[in-house]
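Counted the way the working numbering counts, the sequence shown spans residues 4 to 256. All C-beta atoms in this analysis are idealised placements derived from N, C-alpha and C, irrespective of residue type, glycine included.
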Amino acid sequence: MRKQIAAANWKMNLKSTEASTLLNELLAAPYALKSHQEVVFAVPAIYIPLAVSTLVGKANFFVAAQNCHQKNSGAFTGEISAPMYASVGVKHIVLGHSERREYFGESDALLAEKLNAVLAINSTPIFCCGEPLAIREAGSQNEFVEAQLKNGLFHLSAEEIVKVVIAYEPIWAIGTGKTASSDQAQEIHAYIRTCFAAKYGDAIAQEISILYGGSVKAANAKELFAQPDVDGGLVGGASLIVSEFEAIIHALK
Ligand code: PEP
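What follows is the structure, given as structure tokens:
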């Protein structure tokens, strides 16, 4: 079975003691994750050492970065590279979150470079895609997302693409309280999988985990994750609340 993943995106939230309390309270619950289930915490870069040390010995729990620079090192003041993240225990890196695309001007071409940097050090990219409201209202979401996949990912080989996790996040559902219905999520996740099948073949497409993101919470996670092509979630707001994220982890299939 392909990986089922509950990924927390803390964004730019929490002070150090709050981060520590949240992780410790979350980890106090028993989870008994199956071998195909993973929990990933994309924490602010400054909390990575804290998160890595808190998760020591916790099988299938991982720490992620929320972004990285496309170069490995150099004169890029304020930036952090993929090899630097790997050197402190990061195994996953989120790329192309809609907030980075919108507020930091990240293009598909730049994301393609970042992907190469992440794959080169054997880390797992969590590649975000998803349409704004106007595109959804025009009914063009499939074409919009397909273009993001083609421009950002389709230069990868079959061996590389299976290492990528996709997060489909409709922008109109992020942080808005509006969630795609489970039917809407299934429909576009299935479409995304057909895009991979057309490019890489069905066997490869079946291996790729496609997470849903956009106001996932305890109350809707089970129904969303039950969809055949929804392989877990990338969770913002609800990942900051212990009881919510705990229930989301338990909703993984
Ligand atoms: C996100 O940050 O990727 C996200 C989906 O946020 P939220 O769950 O708050 O909508």
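Q) Where does Ile-49 land, buried or exposed, given buried means 16+ other C-beta within 10 angstroms? A) exposed
Q.
Rounding to the nearest angstrom, what Cα-Cα distance links Ile-96 and Ala-201 in this structure?
A. 26 Å
Q: Would you tell me roughly how many angstroms separate the C-alpha atoms of Ser-246 and Leu-29, rounded to the nearest one?
A: 8 Å
Q.
Could you compute how far the alpha carbon of Lys-166 sits from the alpha carbon of Ala-31?
A. 30 Å
Q | Reduced DSSP secondary structure (H/G/I, E/B, other) of Ile-8 | A | strand
Q) Under a three-way DSSP split, which group does Gly-216 fall into? A) strand
Q. Closest by CA to Met-4, which one among Ala-241, Ala-254, Ile-211?
A. Ile-211
(Q) Measuring only from the beta carbon, is Ser-212 closer than 6 Å to any heavy atom that is part of ligand 1? (A) no
Q | Val-168 to Phe-199 span [Cα, whole Å] | A | 12 Å
Q: Check whether the Cβ of Ser-218 sits closer than 6 Å to any heavy atom of ligand 1, and report yes or no.
A: yes
(Q) Looking at the secondary structure, which residues open and close the beta strand (DSSP E) in which Gln-40 lies? (A) 40 to 45
(Q) Under 6 Å: does the beta carbon of Gly-178 sit that close to some heavy atom of ligand 1? (A) yes
Q: Report the rounded CA-to-CA distance for Ser-23 versus Ser-143, giving the unit in angstroms.
A: 42 Å
Q: Can you say whether Asp-232 is buried or exposed, counting buried as having 16 or more other CB atoms within 10 angstroms of its CB?
A: buried
Q.
Whether or not the segment 217 to 235 and the segment 180 to 191 are in contact is what I'm after, with contact meaning three or more pairs of Cβ atoms, one per stretch, closer than 8 Å; do they touch?
A. yes
Q: Determine which residues share a DSSP beta bridge with Ala-67 and list them.
A: Ala-45, His-95
Q. Since Thr-127 sits in a beta bridge, which residues does DSSP pair it with?
A. His-95
Q | Any non-hydrogen atom of ligand 1 within 6 Å of Glu-172 CB | A | yes
Q) Does the Cβ-Cβ distance between Leu-227 and Gln-40 come in under 7 Å? A) no
**Q.** Chain-order list of residues whose beta-carbon lies under 7 Å from that of Val-55 (same chain, five-residue window excluded)
**A.** Val-66, Val-91, Gly-92
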